[in-house]
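Engineer: Residue numbers for the sequence shown follow our numbering, so the first one is 6 and each next one is one higher.
For every residue, glycine included, the Cβ atom is placed at its ideal position computed from N, Cα and C.
Just so you know, these numbers come straight off a predicted model, no measurement behind them.
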Amino acid sequence: MSHQTSLTERGSFAVARCSCGWAGPARRSRDRARADAETHALTLPSPSPPPDPVDA
Ligand SMILES: [Zn+2]
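1. When you compare only the Cα positions, how much space is there between L47 and S17?
2. Just verifying my parser: in three-state terms, what is the DSSP assignment at R22?
3. According to DSSP, is A31 part of a helix, a strand, or is it coil?
4. Taking DSSP as the reference, what is the three-state secondary structure of L3?
5. Is C25 near ligand 2, with its Cβ less than 7 Å from a heavy atom?
6. In whole angstroms, what is the alpha-carbon distance linking A19 and D36?
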């Protein structure tokens with residue numbers, strides 16, 4: 006899954022959003038919201054990692 010982040014402005018707040026459905030907290034600073042997006046893209050959370058086979 007690709008992570009395409011974008012910035013959405015809400016009044017005086019900025020919210021980072023991602024194509025995966027993730028959204029960051031509302032920030033007063035655009036730089037902060039952008040940092041949230043970068044952190045998200047770097048950590049790349051996987052919602053459902055495939056289970057490891059456990060037949061020993
Ligand atoms: Zn994402």
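Structural biologist: Answer, in terms of the structure:
1. For the purposes of this step, residue 47 is taken as residue 42 along the sequence shown, with counting starting at 1. For the purposes of this step, residue 17 is taken as residue 12 along the sequence shown, with counting starting at 1. A straight line joining the alpha-carbon of L47 with that of S17 spans about 26 Å.
2. For the purposes of this step, residue 22 is identified with residue 17 of the sequence shown, where counting begins at 1. Looking at R22 - three-state DSSP - the assignment turns out to be strand.
3. Taking the sequence shown and counting its residues from 1, the one referred to as residue 31 is at position 26. Coil, per DSSP.
4. Since the first residue shown for the chain is 6 and the last is 61, residue 3 is missing from the structure and cannot be characterised.
5. Ligand 2 is absent from the structure shown, which contains only ligand 1.
6. Along the sequence shown, one-based indexing puts residue 19 at 14. Along the sequence shown, one-based indexing puts residue 36 at 31. Those two C-alpha atoms are separated by around 9 Å.
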